[in-house]
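Trainee: I am attaching a structure below and will ask some questions about it afterwards.
Protein chains: 2
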Amino acid sequence: MLSDYRLTKADKRGLSRFDPNDTGGFASKKEIQDEFEQMERKLRNLQDKLFASKTNGVLVLFQGMDCSGKDGVIKKVLSNLNPQGFRAESFKKPTVEESAHDFLWRTHKVVPAKGYITAFNRSYYEDVLITRVHGLIQDEEAAARMKHIRHFEKLLTDNGVLLIKIFLHISPEFQLEKIRERLSNPEKLWKFDPSDLNERHYWDSYIDAYEDVFRNTSTPHAPWHIVPANERWFRNYLVLRIILSSLEKLDLSYPEPDIETRKLLEQLQANDLL
Amino acid sequence: MLSDYRLTKADKRGLSRFDPNDTGGFASKKEIQDEFEQMERKLRNLQDKLFASKTNGVLVLFQGMDCSGKDGVIKKVLSNLNPQGFRAESFKKPTVEESAHDFLWRTHKVVPAKGYITAFNRSYYEDVLITRVHGLIQDEEAAARMKHIRHFEKLLTDNGVLLIKIFLHISPEFQLEKIRERLSNPEKLWKFDPSDLNERHYWDSYIDAYEDVFRNTSTPHAPWHIVPANERWFRNYLVLRIILSSLEKLDLSYPEPDIETRKLLEQLQANDLL
Numbered sequence: 001m002l003s004d005y006r007l008t009k010a011d012k013r014g015l016s017r018f019d020p021n022d023t024g025g026f027a028s029k030k031e032i033q034d035e036f037e038q039m040e041r042k043l044r045n046l047q048d049k050l051f052a053s054k055t056n057g058v059l060v061l062f063q064g065m066d067c068s069g070k071d072g073v074i075k076k077v078l079s080n081l082n083p084q085g086f087r088a089e090s091f092k093k094p095t096v097e098e099s100a101h102d103f104l105w106r107t108h109k110v111v112p113a114k115g116y117i118t119a120f121n122r123s124y125y126e127d128v129l130i131t132r133v134h135g136l137i138q139d140e141e142a143a144a145r146m147k148h149i150r151h152f153e154k155l156l157t158d159n160g161v162l163l164i165k166i167f168l169h170i171s172p173e174f175q176l177e178k179i180r181e182r183l184s185n186p187e188k189l190w191k192f193d194p195s196d197l198n199e200r201h202y203w204d205s206y207i208d209a210y211e212d213v214f215r216n217t218s219t220p221h222a223p224w225h226i227v228p229a230n231e232r233w234f235r236n237y238l239v240l241r242i243i244l245s246s247l248e249k250l251d252l253s254y255p256e257p258d259i260e261t262r263k264l265l266e267q268l269q270a271n272d273l274l
Numbered sequence: 275m276l277s278d279y280r281l282t283k284a285d286k287r288g289l290s291r292f293d294p295n296d297t298g299g300f301a302s303k304k305e306i307q308d309e310f311e312q313m314e315r316k317l318r319n320l321q322d323k324l325f326a327s328k329t330n331g332v333l334v335l336f337q338g339m340d341c342s343g344k345d346g347v348i349k350k351v352l353s354n355l356n357p358q359g360f361r362a363e364s365f366k367k368p369t370v371e372e373s374a375h376d377f378l379w380r381t382h383k384v385v386p387a388k389g390y391i392t393a394f395n396r397s398y399y400e401d402v403l404i405t406r407v408h409g410l411i412q413d414e415e416a417a418a419r420m421k422h423i424r425h426f427e428k429l430l431t432d433n434g435v436l437l438i439k440i441f442l443h444i445s446p447e448f449q450l451e452k453i454r455e456r457l458s459n460p461e462k463l464w465k466f467d468p469s470d471l472n473e474r475h476y477w478d479s480y481i482d483a484y485e486d487v488f489r490n491t492s493t494p495h496a497p498w499h500i501v502p503a504n505e506r507w508f509r510n511y512l513v514l515r516i517i518l519s520s521l522e523k524l525d526l527s528y529p530e531p532d533i534e535t536r537k538l539l540e541q542l543q544a545n546d547l548l
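Protein chains in written order, with the working numbering: chain A, 1 to 274; chain B, 275 to 548.
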């Protein structure tokens with residue numbers, strides 16, 4: 001089932017084959033609730049092993065249109081992790097110092113160390129999306145940047161980083177509904193940015209830019225996953241399944257004690273102190 | 275009740291008046307369970323307002339002996355927060371670069387920005403504790419450092435950081451029990467460090483160093499809280515209460531919309547679009 005939501009480079013159909021309303025054959029949240037909670041426990045357990053063994057880092061990267069649920073999915077799916085081995089990074093408008101460096105500089109500083117899980121709320125992909133849509137960079141520059149991204153991602157994955165790239169796929173109608181929700185709720189109004197309304201005019205250009213990103217950066221070691229995100233419960237379920245199944249492939253286990261600890265254990269056991 | 279666990283500078287009795295087994299008059303976890311869950315919801319709600327309004331930063335600093343539950347309390351009390359506005363920082367043996375700077379340098383880089391909550395698992399207080407116990411610094415140097423700490427904390431609190439300092443108070447017997455637990459459980463063995471056993475010989479010196487810290491750095495704007503931590507459920511309950519009651523004093527609220535958003539709202543309402 002998961003492979004249905006993976007976008008390979010060979011797949012030329014692009015986003016149109018994915019339905020933002022898709023719920024994977026499930027009728028409601030109730031049907032997946034038990035499995036969801038079971039998966040949450042499994043993920044916490046794997047995080048503990050990851051933290052103990054320090055064999056790999058895990059980077060979960062979220063992209064998607066405004067209101068696609070990047071904040072929500074991090075809050076609902078990943079907030080159960082032990083915060084000591086997990087952090088969320090978001091990328092705002094670059095600072096003066098960041099802009100004076102190459103576009104991957106500020107990212108590289110915050111990739112996960114071995115043992116840690118990091119979620120990116122937006123990423124270096126913005127540097128070939130929003131900039132391209134608004135004509136700040138041309139196609140050649142975008143192509144060059146995507147090549148740099150491929151090389152950068154290879155550097156990470158060659159060095160033990162598990163890289164999980166997720167696009168949250170919503171429809172323009174869903175986005176409008178969410179904007180209305182923000183505007184009508186005093187507790188959500190602060191999330192509203194008037195420029196979001198303007199960006200809606202560029203919807204098709206964004207889709208084109210995203211499809212070019214998928215074609216150019218969906219590699220075997222760092223494939224893109226397309227997650228239908230109009231139904232929040234299915235979005236959360238699928239994201240959790242993708243992350244869990246990727247982590248399970250790492251075959252994590254608690255490390256063996258070192259010689260000093262083993263000797264001590266033997267002494268204690270021999271003297272009935274344990 | 276909370277003031278019972280606050281250590282003021284004027285209080286000369288030190289740690290001896292606190293019982294690590296104290297459970298605040300509660301007989302069991304069951305008695306506080308409902309209130310605990312209610313407080314968790316309140317804390318999440320306040321975090322959302324803090325993140326939205328960006329009026330203050332919040333720094334929760336945990337100190338305590340090995341096995342006092344610093345990791346555990348962050349996991350159990352704070353892992354429900356939205357990870358996008360919360361992070362945990364731990365301080366290991368300083369790197370070469372860190373050692374080449376003053377002892378507050380590495381801390382200053384990771385204090386919370388406005389809108390954010392940060393938990394410190396250990397802190398700059400180690401620089402007047404472990405170093406002092408092992409004779410790496412003398413009393414005059416310790417006194418000078420504590421003065422720097424007071425100034426540093428004043429800088430933070432003057433600039434809108436709510437600083438909550440918590441000492442997790444356990445007994446040496448409880449620590450031994452926890453060490454045994456780590457040694458007997460293959461899933462916890464990786465947390466065991468043979469040097470922890472050696473540190474037990476310095477228990478009284480640590481208590482002396484801590485009491486000197488409390489006398490010198492418990493200020494009205496940044497008081498120390500002593501949390502009895504032999505019973506994990508009471509430890510979690512009291513820590514949550516302390517954090518919640520401190521945050522409640524900030525009187526947080528969602529920000530008012532800016533002029534542009536207000537105008538847009540009026541237009542939409544006038545045209546029945548909302």
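Just so it is clear, CB atoms sit at the ideal spot from N, CA and C, and this is done for glycine as well.
No experiment lies behind these values; they were computed from the predicted model shown.
#1: May I have the straight-line CA-CA distance separating G85/A from E540/B, to the nearest angstrom?
#2: Along the segment 71-84 of chain A, what residues have a CB closer than 8 Å to any CB found in chain B?
#3: Could you check whether the Cβ of Y279/B sits closer than 8 Å to any Cβ belonging to chain A?
#4: Would N216/A pass as an interface residue toward chain B - the criterion being a Cβ-Cβ separation below 8 Å?
#5: Using a Cβ-Cβ cutoff of 8 Å, what residues of the segment 413-431 of chain B are near chain A? List them in chain order.
#6: Using C-beta distances below 7 Å, list every residue in its chain close to E173/A, excluding the 5 sequence neighbours before and after it, in chain order.
#7: T297/B and E505/B look like a contact to me (Cβ under 8 Å); what is the Cβ gap, rounded to whole Å?
#8: Specify the secondary structure class of G85/A as computed by DSSP and reduced to three states.
#9: May I have the straight-line CA-CA distance separating N21/A from A119/A, to the nearest angstrom?
#10: Out of curiosity, what's the CA-to-CA distance linking W224/A and H201/A?
#11: Given a cut-off of 8 Å, decide if H169/A and V77/A are closer than it, judged by their beta-carbon atoms.
#12: What did DSSP end up calling V384/B once you bin it into helix, strand or coil?
#13: For the segment 329-339 of chain B and the segment 59-75 of chain A, state whether three or more C-beta atom pairs, one from each stretch, are separated by less than 8 Å.
#14: When you compare each of D212/A, R262/A and L240/A to R132/A by their alpha carbons, which one comes out closest?
#15: Taking Cβ-Cβ distances below 8 Å as the criterion, which residues of the segment 389-405 of chain B are in contact with chain A?
#16: Run through the segment 431-496 of chain B for me and flag every whole beta strand (DSSP E) of 3 or more residues, listed as ranges in chain order.
#17: Which residues mark the beginning and the end of the alpha helix (DSSP H) in which N230/A is found?
#18: Given a cut-off of 8 Å on the beta-carbon distance, is the pair R361/B and R87/A in contact?
#19: Do you know how far the Cα of I164/A is from the Cα of A209/A?
#20: Please return the same chain residues whose Cβ sits closer than 6 Å to the Cβ of K523/B, not counting the five positions on each side in sequence.
#21: Identify the continuous alpha helix (DSSP H) that holds T392/B and give its terminal residues.
#22: Is there a Cβ from chain B that is less than 8 Å from the Cβ of S184/A?
#23: Within 8 Å of any Cβ in chain B, is that where the Cβ of W224/A sits?
#24: Grab me the residues of F292/B's own chain with a C-beta within less than 7 Å of its C-beta, minus the 5 sequence neighbours each way, in chain order.
#25: Helix, strand or coil for Q63/A, going by three-state DSSP, please let me know.
#26: Taking 8 Å as the threshold (beta carbon to beta carbon), is T535/B in contact with chain A?
#27: Of the choices E260/A, N216/A, M1/A and L238/A, whose alpha-carbon is the least far from that of A10/A?
#28: Given that A88/A touches chain B, what residues does it touch there, using C-beta distances under 7 Å?
#29: By DSSP, does R536/B sit in helix, in strand, or in coil?
#30: I'd like the span of the alpha helix (DSSP H) that includes K54/A, first residue to last.
#31: Return the CA-CA distance between I275/A and K92/A, expressed in angstroms with no decimal places.
#32: Going along chain A in order, which residues have a C-beta closer than 8 Å to the C-beta of R272/B?
#33: Does the CB of F310/B have a neighbour CB from chain A at under 8 Å?
#34: For K191/A and R509/B, I'd like the C-alpha separation in whole angstroms.
#35: Would you kindly work out how many angstroms separate the C-alpha atoms of S245/A and S53/A, rounded to a whole number?
#36: To which residues of the same chain is T219/A closer than 8 Å at the C-beta, ignoring the five residues directly before and after it?
Mentor: In short:
#1: Against the first sequence, residue 85/A aligns to sequence position 85. Against the second sequence, residue 540/B aligns to sequence position 266. Cα to Cα, the separation comes out at about 45 Å.
#2: Of all residues in the segment 71-84 of chain A, only D71, I74, K75, L78, S79, N80, L81, N82, P83 and Q84 come within less than 8 Å of chain B when Cβ atoms are compared, listed by chain position.
#3: Stepping through the second sequence from its first residue, residue 279/B is reached at position 5. Chain A contact via Cβ: absent.
#4: Taking the first residue of the first sequence as position 1, residue 216/A is located at position 216. So no, N216/A is outside the interface.
#5: none
#6: The residue you call residue 173/A lines up with position 173 of the first sequence. None.
#7: The sequence position of residue 297/B within the second sequence is 23, counting from 1. The sequence position of residue 505/B within the second sequence is 231, counting from 1. So it is a contact: roughly 5 Å between Cβ atoms.
#8: In the first sequence, counting from the first residue as 1, residue 85/A sits at position 85. Helix.
#9: The residue given as residue 21/A occupies position 21 in the first sequence. The residue given as residue 119/A occupies position 119 in the first sequence. If you take the alpha carbons of N21/A and A119/A, they lie about 24 Å apart.
#10: In the first sequence, counting from the first residue as 1, residue 224/A sits at position 224. In the first sequence, counting from the first residue as 1, residue 201/A sits at position 201. The straight-line gap from Cα to Cα measures roughly 25 Å.
#11: Locating residue 77/A in the first sequence gives position 77, counting from the first residue. Locating residue 169/A in the first sequence gives position 169, counting from the first residue. For V77/A and H169/A, no; Cβs fall outside 8 Å.
#12: The sequence position of residue 384/B within the second sequence is 110, counting from 1. Coil.
#13: no
#14: Taking the first residue of the first sequence as 1, we reach residue 132/A at position 132. Nearest to R132/A by C-alpha distance, out of D212/A, R262/A and L240/A, is D212/A.
#15: A393 and N395
#16: 435-443
#17: The residue you call residue 230/A lines up with position 230 of the first sequence. N230/A -> no alpha helix (DSSP H), and no H or E assigned at all.
#18: For the purposes of this step, residue 361/B is taken as the residue at position 87 of the second sequence. For the purposes of this step, residue 87/A is taken as the residue at position 87 of the first sequence. Yes, these two residues count as a Cβ contact at 8 Å.
#19: On the first sequence, position 209 is the one that residue 209/A refers to. On the first sequence, position 164 is the one that residue 164/A refers to. Rounded to the nearest angstrom, the two C-alpha atoms are 20 Å apart.
#20: Locating residue 523/B in the second sequence gives position 249, counting from the first residue. Cβ neighbours of K523/B beyond the five flanking positions: none.
#21: One-based indexing of the second sequence puts residue 392/B at position 118. That residue, T392/B, is in no alpha helix (DSSP H); its beta strand (DSSP E) goes I391 to N395.
#22: Along the first sequence, read from residue 1 onward, the residue named residue 184/A stands at position 184. Yes - at least one Cβ of chain B is within 8 Å of the one on S184/A.
#23: Within the first sequence, the letter at position 224 stands for residue 224/A. Closer than 8 Å: no.
#24: Start at 1 with the first residue of the second sequence, and residue 292/B comes out as number 18. Contacts found: H443, I500 and P502.
#25: In the first sequence, the residue the question calls residue 63/A occupies position 63. Correct three-state label for Q63/A: strand.
#26: One-based indexing of the second sequence puts residue 535/B at position 261. It does; some Cβ of chain A falls within 8 Å.
#27: One-based indexing of the first sequence puts residue 10/A at position 10. Nearest C-alpha to A10/A: N216/A.
#28: The residue labelled residue 88/A in the question sits at position 88 within the first sequence. The contacting residues are P357 and Q358.
#29: In the second sequence, residue 536/B corresponds to position 262, counting from 1. In this structure, R536/B counts as helix in the three-state DSSP scheme.
#30: Residue numbering aside, residue 54/A sits at position 54 when the first sequence is read from its first letter. Careful: K54/A lies outside any alpha helix (DSSP H) and carries neither H nor E.
#31: For residue 275/A there is no data in the structure shown, the boundaries of chain A being 1 and 274.
#32: Here chain B comprises residues numbered 275 to 548, so residue 272/B is not present and cannot be evaluated.
#33: Within the second sequence, the letter at position 36 stands for residue 310/B. False, the Cβ-Cβ gap to chain A never drops below 8 Å.
#34: Within the first sequence, the letter at position 191 stands for residue 191/A. Within the second sequence, the letter at position 235 stands for residue 509/B. When rounded, the distance between both Cα atoms is 35 Å.
#35: Here residue 245/A corresponds to residue number 245 of the first sequence, with the count starting at 1. Here residue 53/A corresponds to residue number 53 of the first sequence, with the count starting at 1. One C-alpha to the other measures close to 19 Å.
#36: For the purposes of this step, residue 219/A is identified with residue 219 of the first sequence, where counting begins at 1. Contacts found: K9, R150, E153 and K154.
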